[in-house]
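Have a look at the structure below before the remarks.
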Amino acid sequence: MPRWLPRAMVLALALYAVFQLGSWAFHQLIGLLINILIAFFLALAVEPAVSWMAARGMRRGLATGLVFLAVMIVAAGFVTLLGSMLAGQIIKMVEGFPDYLDSVINWVNTHFHTDLRRVDIQEGVLRSDWLRNYVQNSATGVLDVSAQVLGGLFQLLTITLFSFYFAADGPRLRRALCSVLPPARQAEVLRAWEIAVDKTGGYLYSRGLMALISGIAHYILLEVLGVPYAPVLAVWVGLVSQFIPTIGTYLAGALPMLIAFTVDPWYALWVLIFVVVYQQFENYVLQPKLTSKTVDIHPAVAFGSVVAGTALLGAVGALIAIPAVATLQAFLGAYVKRYDVTDDPRVHGHRGPRTGPGLLTRARRLWDGRADAGGPKKQGPGEGSS
């Protein structure tokens, strides 16, 4: 046995053990790493406001605290108002449910010549097996829901603390990062940081603008239908549909449909149709144009980045994919050498000069050749019929 073989085997086993340990640690900390990533982008989003107040003599920590306090007050007020409105509408819907059920039963009896009664339907529902199973599953799922709520609150607290430290100690973090890099690399890191701040702010600006447009459109619809709490519902639809990716549209549209159902069941159908139509308009017309202008990326690239981000990190990836891709594109654009474009008309979408006969000319010549080959031959001077 060669003398180096035992050492190589020990080294290979040690590297394999280190790899397994690193893989295990990464999978255990993936949730924390995602929270830190979200906190970093939130810190980039509030960086302009914090820097503006710090440039006017305010301490950076105090400025960061004021920004976060303002955001928390607005969010708490909105959630409180929305919760009270939702509770009142649910109570109203429960109280009016017998009347809705009577109207449905009368319609069915009139059109289908049946003899249904509300008492029979209620007894059948109360004695059904699916209701008993639903109550049992709901009782056993209370602890799971409580655990999920506590976990969500802890995750929100973690993200808030990390984003506060990133925003308050942004200059110190940049100095610590630049202290381990040569001067040339330091300039590149600082430029990438500024690009990330600009792109993240532009992305949030585009989302805020789309939330405003969506809120105004849904407010007009709800006011026309006479649905109560139209301003609050419009704000709910605008914020949830834009800042909760993938499922935000469905969550946003469910609440106005529920409130509209308490007024008239047909109004809920009109709200559903409007939500679906507006979502298509936003996906194919509004969002690509606004996103491409504010973060300066092509609409197809924006759509592809959202799909890729969703596949990698789920909802978090969909939320941060566009600013991340825009930052990377702007940073790498400085290292791509560009040349002057030729004056060839094909660059501008026009056809180049023709080098031969056109398609119609070639087709006509081919047709004439086939006609000559298949037609009657011309008689010569010595030929004739006898």
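Quick note, in this note's numbering, the sequence shown goes up one by one and the last residue is 501.
Cβ atoms here follow ideal geometry from the backbone N, Cα and C, with glycine treated the same way.
Legend entry - Test item: CB-CB of A326 and Q357 under 8 Å: yes
Legend entry - Enclosing alpha helix (DSSP H) for R322 [first to last residue]: 298-340
Legend entry - Nearest neighbour of A202, chosen from L428, I437, T377 [CA to CA]: T377
Legend entry - Proximity of L336 and V400 at Cβ, strictly below 8 Å: no
Legend entry - Other residues of its chain near L157: CB distance less than 6 Å, five sequence neighbours each side excluded: S278
Legend entry - Separation of Y344 from L324, as counted between CA atoms: 22 Å
Legend entry - Any 3 or more C-beta pairs closer than 8 Å across the segment 431-448 and the segment 308-324: yes
Legend entry - Rounded distance between the beta-carbons of T442 and Q394, thought under 8 Å: 28 Å between Cβ atoms; not a contact.
Inset, instruction - Compute the Euclidean distance between the alpha carbons of V133 and Q270, then round it to the nearest angstrom. - result: 29 Å
Inset, instruction - If I'm right that V352 touches S329 with Cβ under 8 Å, what's the distance once you round it to whole angstroms? - result: 6 Å
Legend entry - Among V347, L366, V390, M372, the one whose alpha carbon lies nearest that of T195: V347
Inset, instruction - Take every Cβ of the segment 157-177, pair it with every Cβ of the segment 279-297, and state whether three or more of those distances are shorter than 8 Å. - result: yes
Inset, instruction - Ignore the nearest five residues each way along the sequence and tell me which others in S138's own chain have a CB closer than 8 Å to its CB. - result: none
Inset, instruction - Alpha carbon to alpha carbon, how far is L216 from A233? Give it in angstroms, no decimals. - result: Residue 233 is actually Arg in this sequence, not Ala. If you take the alpha carbons of R233 and L216, they lie about 7 Å apart.
Inset, instruction - Out of L144, A311, P403, point me to the one whose CA is closest to Q444's CA. - result: A311
Legend entry - Integer Cβ distance of A178 from V165, believed to fall under 8 Å: 5 Å
Legend entry - C-alpha gap between H228 and N150, whole angstroms: 60 Å
Inset, instruction - Tell me where the alpha helix (DSSP H) around L292 begins and ends. - result: 285-293
Inset, instruction - Give me the Cα-Cα distance between R287 and T275, rounded to the nearest whole angstrom. - result: 19 Å
Inset, instruction - Just mark P371 as buried or exposed, buried being the case when its beta carbon has 16 or more other beta carbons within 10 Å. - result: buried
Legend entry - Residue range of the unbroken alpha helix (DSSP H) whose run includes A369: 363-378
Legend entry - Close-in-space but distant-in-sequence residues of the same chain around E498 (CB under 6 Å, 5 per side omitted): For E498, the pLDDT reaches just 49, beneath the cut-off of 50, and the residue's location in the model is therefore unreliable, although a value from the coordinates is still provided. Excluding residues within five positions, none has a Cβ falling inside 6 Å.
Legend entry - Spatial neighbours of L502 in its chain, beta-carbon cut-off 8 Å, leaving aside the 5 residues before and after: Any answer about residue 502 is impossible in this case: the structure gives the chain only from 116 up to 501.
Inset, instruction - Measure the beta-carbon distance from D230 to N221 and round it to whole angstroms, keeping in mind my assumption that it falls under 8 Å. - result: With a Cβ gap of about 12 Å, D230 and N221 do not count as contacting.
Inset, instruction - Quick one: residues in its chain with C-beta nearer than 6 Å to the C-beta of G432, no 5 flanking neighbours on either side, listed in chain order? - result: G424, T425
Legend entry - Residues near S501 in its chain [Cβ-Cβ closer than 8 Å; skip 5 each side]: Low confidence applies here, because S501 scores a pLDDT of 39, under 50, leaving its location unreliable and the question unanswered by this model.
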